[in-house]
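So that you can map any letter, position 20 of the sequence shown is 8 in the working numbering, and since no number is skipped, the others follow by simple counting. Since the structure comes first, as structure tokens, the remarks are kept for the end.
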Amino acid sequence: MYDFSISMALVDFIPVLLFGYAAALLQRDLYPHMRKSSFALFAAGTINVFCAGLCKALWKLLYAANICDFAALNAMFLPVQSIGFLLIGLGLVSMFLMKSQGTLLLAAPPLFKGTFVFIGMMVAGLGFMCGVLSIIAARLKKKGAIALFVLAFVGSMGMGYMSSHDSTSALINWIEQGINTLSQGCLMAGVILLDRAGLREKRILKGE
């Protein structure tokens, strides 16, 4: 049994929406700088992450409202989000390396229970994403954005640590949601700083 309330479930939508806004802004601003293959990886990754978060928040709301325990919405969260972050990272890194084609990675076979694979993919993807965005921020001379992206990465790692605790506890879930909201808020704020610095129009890559 999970100790969820409807208010907790509704709060869970906030970091999802923050990430969605940041992702949409990045898609718009980075599109002129990316090859189609890189943008396809990046866009697919952001959609994966957004949908994974949205589905989990919806699961929590359905559970808290005592409508049903739609377990599939919860079970898909980790693999879909992990693959999404990895695709985001690959798309951003390939933007700088100018590779023509990225490789889409598939989830592990259903019977394999090693969640460390997904955790590793998530950490790698988040590291690539925040690292590349920090490089872009440095080129646009926005040191504040670098700090925000570092905080977003640290917050996401904190979420990973908290997920190893009792997920049925209301206290743990509130702490997780607080960390996640702060992390996604930092990401969104950093992206807004890059957008206002002219990310869409300015040259950030060699040869542009």
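Backbone N, C-alpha and C fix where the C-beta goes; we use that ideal spot for every residue, glycine too.
Could you check whether residue j and residue i sit closer than 7 Å to each other, using their CB atoms as the reference points?
i	j	result
F65	A45	no
S4	L42	Reading the sequence as shown, one finds Val at residue 4 and not Ser. Closer than 7 Å, so yes.
G79	L136	no
I71	N36	yes
A(-3)	T34	no
M117	G173	no
A31	Q15	yes
I(-6)	A60	no
Which of the three DSSP states, helix, strand or coil, is assigned to residue i?
i	result
S(-7)	coil
M176	helix
L94	For L94, the predicted structure reports a pLDDT of 39, less than 50, and the residue's modelled location is therefore unreliable. A value from the coordinates is still provided. Coil at L94, not helix or strand.
F141	helix
L202	Absent from the structure is residue 202, since the part of the chain shown begins at -11 and ends at 196.
C43	helix
F30	helix
Out of curiosity, what's the CA-to-CA distance linking residue i and residue j?
i	j	result
R127	V68	32 Å
E164	S171	10 Å
G132	M(-11)	42 Å
G186	L74	26 Å
D17	E189	8 Å
K130	S26	24 Å
F141	D183	19 Å
F(-8)	M83	41 Å
L99	G143	With a pLDDT of 44 at L99, under the threshold of 50, the predicted position of this residue should be treated as unreliable, and no value is reported.
W162	M110	22 Å
Can you name, in chain order, every residue of its own chain whose Cβ lies under 6 Å from the Cβ of residue i, other than the five neighbours on each side?
i	result
C56	L50
L175	A10, A140
L13	V179, D183
T169	I2, P3
Which same chain residues end up closer than 7 Å to residue i when comparing Cβ atoms and leaving out the 5 residues on each side of it in sequence?
i	result
V81	F116, V120
Only counting the same chain, and skipping five residues up and downstream in sequence, which positions put a Cβ closer than 8 Å to that of residue i?
i	result
S157	D(-9)
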